[in-house]
Structure formats: C-alpha cells, structure tokens
Amino acid sequence: MLGVHFAITSEQERLLLAADDDKVGEFLEELEESREDGALTVDTDKAWDAIHRCLTDGTLDPDGGVYPWSHAVLGGWHLHVDWYVVYVSAAEVRDVAEALRTVDRTWLRRRFDAIDGRDYDGAQDDEDFEYTWNNFVDVQTFYDRAAAADRSVIFTAT
17 MLGVHFAITS
27 EQERLLLAAD
37 DDKVGEFLEE
47 LEESREDGAL
57 TVDTDKAWDA
67 IHRCLTDGTL
77 DPDGGVYPWS
87 HAVLGGWHLH
97 VDWYVVYVSA
107 AEVRDVAEAL
117 RTVDRTWLRR
127 RFDAIDGRDY
137 DGAQDDEDFE
147 YTWNNFVDVQ
157 TFYDRAAAAD
167 RSVIFTAT
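Heads up: take any position in the sequence shown, counting from 1, add 16, and you land on this note's numbering.
Structure (structure tokens):
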C-alpha cells in the first residue's frame, strides 16, 4: 500500500468528517485529482510502514506507542473500514510537528533496527533505512508546514 499525507482546508475537513464510507472514497478521489500544492502533501510510498513502527511500539497498531508520535501516520481517527484514512486535527498536527522535530537520524535508526523482522516486509538493511529516513524527513517537513498553515491532516494508504 502506498501512503500519502494531505493537509486539508477547514472546508475539506468539514466535508470529510460528515462523509460516510462511500463519500470518503469519493472525497479522496477528488482530493488526489485536485492536489496542486506539493508543500501540503507528502507521498511516503511504502516507507509509511517503517516510519509508523519506528515512531510507535514497533507494530502497525494504530493505538500503539505514545501520543503525539503515534499520530504521525496511523494514530488518529480512522474514517474508513476497508483502507487507511486517518484524520488528525489541526491541534494534534501542531503536537505531532513539535514531537517530530525531536527525532534525529540516530534515534530513528535505533528504532528501525529494533523492528521485529518477522512482522515487517521490508529488507531492514542500510538501503531500507535510507529510504525510511529520507521519507521520514519529508514527513517531518510536511507536518511543520501543515502546522504553520493551521491545517488538519489525513493519511491514506491504498
């Protein structure tokens, strides 16, 4: 599954939170088609999996780990039953952005190396870490921009 974070406007937030499962899918299609501001979206390809594991308890459990790190990817309000559509409020986005600023390469590498390889599909080697680190830096920058714009965030993996 490929992951994308979107910083959404208050109008988009209103529409999304009022939507049922079918409408959430339509909303995401429209959001994907209309995205134009690269500063307020970030693609994490498949690295979202390792990023979430590193920031939490090493699993893909959305409730694993400690807030606010847990809300950078899978933690938050899940809006769809069949795929990941995870909502994080603007206030939570500010908390996540602040927390992510404390994460450095050494800390993330230590967490990456501690992932249980039996439960992780990545190679878990130096190349996989570089891929994870580079995508993490993009997520870190994205959350700073989303917080500065006072935007809520949704993470999708489809």
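Glycine residues also receive a C-beta, built at the ideal position from the N, C-alpha and C atoms. Predicted, not measured: the structure shown is a model, and the values here were computed from it.
- Around the beta carbon of S26, a 10 Å sphere encloses fewer than 16 other beta carbons of the protein chains shown; the residue is thus reported as exposed.
- Using a Cβ distance threshold of 8 Å, L76 and L90 count as a contacting pair.
- In the structure shown, G19 adopts extended strand secondary structure according to DSSP, grouped into three states.
- In the three-state DSSP reduction, W93 falls in the strand class (E or B).
- Between A163 and A113, the C-beta spacing is below 8 Å.
- In this structure, T72 lies away from V155, with their beta-carbon atoms at least 8 Å apart.
- Here G19 is buried, its C-beta having at least 16 other C-beta atoms within 10 Å.
- Runs of the beta strand (DSSP E) lying entirely within the stretch 65 to 126, each at least 3 residues long, are 100 to 104 in chain order.
- 8 Å or more divides the Cβ of D129 from the Cβ of G138.
- For the 8 Å CB-CB criterion, F43 and L32 form a contact.
- The straight-line gap separating the alpha-carbon atoms of N151 and W93 is approximately 23 Å.
- Excluding residues up to 5 positions away in sequence, D166, R167, S168 lie with their Cβ nearer than 7 Å to the Cβ of A106 in the same chain.
- Under DSSP, I24 forms a beta bridge with S168.
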